[in-house]
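> Numbered by my numbering, the letters in the sequence shown go through residues 29 to 238 in order.
Built from N, CA and C at the ideal position, the CB exists for glycine as well.
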Amino acid sequence: MKAVLFDLDRTLIDLQTYTDYGAALEDVESLIGSWDDPPAPQTDWDAPTQRSMSILVALSGDPRWCGVSEAIAVHEMTAIADSHAMPRLEDALALSQGIPRAVVTLVAEAPARAVLARHGVDIPVLVPRRPDLRPKPAADQLLEACRLLGVAPSRTVMIGDSTWDAEAAANAGCGFVGVAATREGATRFGSGVMTGGDLVVALELASRAV
Ligand SMILES: [Mg+2]
29 MKAVLFDLDR TLIDLQTYTD YGAALEDVES LIGSWDDPPA PQTDWDAPTQ RSMSILVALS
89 GDPRWCGVSE AIAVHEMTAI ADSHAMPRLE DALALSQGIP RAVVTLVAEA PARAVLARHG
149 VDIPVLVPRR PDLRPKPAAD QLLEACRLLG VAPSRTVMIG DSTWDAEAAA NAGCGFVGVA
209 ATREGATRFG SGVMTGGDLV VALELASRAV
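#1: Inspect the beta-carbon positions of A86 and L177 and report whether they are closer than 7 Å.
#2: Which residues are close to ligand 1, meaning CB closer than 7 Å to any heavy atom, in chain order?
#3: Any idea which residues DSSP pairs D37 with across the strands?
#4: Using beta-carbon positions only, say whether L36 and A101 come within less than 7 Å of one another.
#5: Hey, P163 and R157: beta-carbon distance below 7 Å or not?
#6: How long is the line joining the alpha carbons of I151 and A52, rounded to whole angstroms?
#7: Once DSSP output is grouped into helix, strand and coil, what is the label at R129?
#8: Please identify the residue among L121, L171, P91 whose C-alpha is closest to the C-alpha of R182.
#9: Output the distance between the C-alpha atoms of A180 and G203, rounded to the nearest integer angstrom.
#10: Considering only the beta carbon of each residue, do A122 and H147 sit closer than 7 Å?
#11: Mind listing, in chain order, the continuous alpha helix (DSSP H) runs of no fewer than 4 residues lying wholly within the stretch 183–218?
#12: How far does the alpha helix (DSSP H) with Y49 in it reach, from first residue to last?
#13: Which value, in whole angstroms, describes the spacing of the CA atoms of T39 and S97?
#14: Helix, strand or coil: which one does DSSP assign to L161?
#15: So what's H112 in DSSP terms, helix, strand or just coil?
#16: Are the CB atoms of A173 and V205 nearer to each other than 7 Å?
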């Protein structure tokens with residue numbers, strides 16, 4: 029492994045639990061109207077989170093995307109005060125120091141930078157959701173991170189907690205290691221995916237992955 033890409037939410041820091049995606053959706057739907065079934069792969073997120081992220085995926089390239097993203101970002105920003113580090117974050121940051129690394133997240137740039145700073149995550153290469161990149165589970169954000177780090181995707185491992193991270197890694201040609209702090213979380217990826225119970229174990233698995 030030459031480089032590592034970390035998902036942010038529920039991989040490094042839990043912001044998602046405290047983000048009121050239900051309220052975010054009300055704001056989004058006041059902008060764009062209701063949308064019965066925005067097309068995107070299923071995850072094990074709760075319904076408002078899945079729906080918010082699916083709308084961002086489905087609107088990729090649409091002029092309404094920025095307004096929708098900003099409406100959701102207000103609620104992501106509000107959640108930062110309650111956010112907490114995932115298990116062994118500090119150890120994992122120390123262990124991965126010296127390895128080219130980036131954060132690749134569906135969170136918007138301002139709340140992502142603010143929540144990383146709040147928890148002392150000093151990883152300057154950040155690829156948040158952006159209007160010019162198709163969001164995970166597409167490959168674009170991961171390929172942009174590899175380009176910024178100057179490392180081939182085939183020598184890079186994504187570490188993340190969701191099936192969208194795993195799909196994005198596959199689409200980008202990166203390795204993937206799941207991180208799941210709970211037993212039920214460990215089963216979401218299926219038997220073919222290496223999964224660590226915390227960030228340090230995930231990093232150790234990643235170092236042997238590609
Ligand atoms: Mg996540």
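From the atom records:
#1: The residue you call residue 86 lines up with position 58 of the sequence shown. The residue you call residue 177 lines up with position 149 of the sequence shown. Not closer than 7 Å, so no.
#2: D35, L36, D37, R38, T39, Q44, G188, D189, S190, D193
#3: As a first step, residue 37 is located in the sequence shown; it is residue number 9 there, counting from the start. D37 pairs with I41.
#4: Your numbering for residue 36 matches position 8 in the sequence shown. Your numbering for residue 101 matches position 73 in the sequence shown. Cβ distance not < 7 Å, so L36 and A101 don't count as in contact.
#5: Mapped onto the sequence shown, residue 163 falls at position 135. Mapped onto the sequence shown, residue 157 falls at position 129. Against a cut-off of 7 Å, the Cβ pair of R157 and P163 comes out as a contact.
#6: As a working note, residue 151 is residue 123 in the sequence shown. As a working note, residue 52 is residue 24 in the sequence shown. I151 and A52: Cα-Cα distance of roughly 28 Å.
#7: Here the question's residue 129 lines up with position 101 in the sequence shown. If DSSP states are grouped into helix, strand and coil, R129 belongs with the strands.
#8: One-based indexing of the sequence shown puts residue 182 at position 154. First, the amino acid is wrong: residue 182 is Ser here, not Arg. Of L121, L171, P91, the residue nearest in Cα terms is L171.
#9: On the sequence shown, position 152 is the one that residue 180 refers to. On the sequence shown, position 175 is the one that residue 203 refers to. For A180 and G203, the distance between alpha carbons rounds to 11 Å.
#10: Here the question's residue 122 lines up with position 94 in the sequence shown. Here the question's residue 147 lines up with position 119 in the sequence shown. It is not a contact, given that the beta carbons lie outside the stated cut-off.
#11: 191–200, 211–214
#12: For the purposes of this step, residue 49 is taken as the residue at position 21 of the sequence shown. Element bounds for Y49: 49–60.
#13: As a working mapping, residue 39 is identified with position 11 in the sequence shown. As a working mapping, residue 97 is identified with position 69 in the sequence shown. Answer to the nearest angstrom: the Cα atoms are 21 Å apart.
#14: Numbered from 1 along the sequence shown, position 133 holds the residue referred to as residue 161. If DSSP states are grouped into helix, strand and coil, L161 belongs with coil.
#15: Residue mapping note: residue 112 aligns to position 84 of the sequence shown, counting from 1. Strand at H112.
#16: Walking along the sequence shown from the start, residue 173 turns up at place 145. Walking along the sequence shown from the start, residue 205 turns up at place 177. It is not a contact, given that the beta carbons lie outside the stated cut-off.
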